[in-house]
Amino acid sequence: MSENLVLVNGSCNARCCHCPYASNSATACLSGEPLSYIENVRSDLVILSGGEPFESRIDTLFNYMKACVSAGKYFRVATGGHVRLHPYLPYMKSMPRFAGIQLGTDVLLPERNANSLRHRAIWRENLSQLNDLNIGFGITMTVDNDVEFEPVFDLLGDVRPDFFLTNTMNDGAEDLEKLRSSLKLRYPEVKIETGYTA
Ligand code: SF4
7 MSENLVLVNG SCNARCCHCP YASNSATACL SGEPLSYIEN VRSDLVILSG GEPFESRIDT
67 LFNYMKACVS AGKYFRVATG GHVRLHPYLP YMKSMPRFAG IQLGTDVLLP ERNANSLRHR
127 AIWRENLSQL NDLNIGFGIT MTVDNDVEFE PVFDLLGDVR PDFFLTNTMN DGAEDLEKLR
187 SSLKLRYPEV KIETGYTA
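This is how it looks when you write it as structure tokens:
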């Protein structure tokens, strides 16, 4: 786990089959003042994450964002992409030090999520709004045996993220390299990073 990840919610309603955070009750991961956690992050960029941060009480998430601003740190929010972001994006965009969104892809894949078809519609809606509002975003992709990312490529269409963040679940270095090569071919202009934050 990267040391600039701050878990603002320890659960997620999307219930991907492989995920330790999959549950349907919002759980705060941290107790105490957000500012004290944020000030201790040894990076200028904080990733507010979960579970699903947009399923925490929204004032909780906003308090973490405000704490980042107070601490003089840039922040990005990592979401599964299955929650509608449009009520929050304009406010987030107006905040100083907002560094965009990191969209997960697990909810889109039938191998990982039984409701992937339903999630795809909201994910695509979020993508369009990020694009329309000119908010920077990255796409996280985690390889595993036999997972097909075609649904992600289809949904991206002509939209280009700022970066891809690539990971592997089972130390599958070969699978990871395959994914990175395929991304390089399809999206030569997009940065490809490895890890959970970029
Ligand atoms: S969207 Fe992410 S956090 Fe939520 S269940 Fe799926 S993998 Fe876990």
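Just so we're aligned: 182 in the numbering used here is position 176 of the sequence shown, and the numbers increase by one with no gaps anywhere. Each residue gets a CB set at the ideal place from its N, CA and C atoms; glycine is no exception. Since the structure is predicted, the reported quantities are computational estimates derived from the model, not experimental observations.
Item: Beta-carbon gap between M147 and T111 smaller than 9 Å; Value: yes
Item: Whole runs of the alpha helix (DSSP H) within the region 122-153, excluding any shorter than 4 residues; Value: 122-138
Item: Residue closest to Y80, alpha-carbon to alpha-carbon, out of T66, F104, F68 and Y97; Value: F104
Item: Distance, V149 Cα to R186 Cα; Value: 10 Å
Item: Minimum length 4: unbroken alpha helix (DSSP H) runs contained in the region 22-74; Value: 40-45
Item: Contained alpha helix (DSSP H) runs [length at least 4] in the region 92-123, N- to C-terminal order; Value: 95-100
Item: heavy atom of ligand 1 below 8 Å from N176 C-beta; Value: no
Item: Distance between beta carbons of H92 and D128, contact taken as under 8 Å; Value: The question names Asp, but residue 128 is Ile in the sequence shown. Rounded, the Cβ-Cβ distance is 10 Å, inconsistent with contact.
Item: Rounded straight-line distance, which links the Cα of G106 to that of S49; Value: 16 Å
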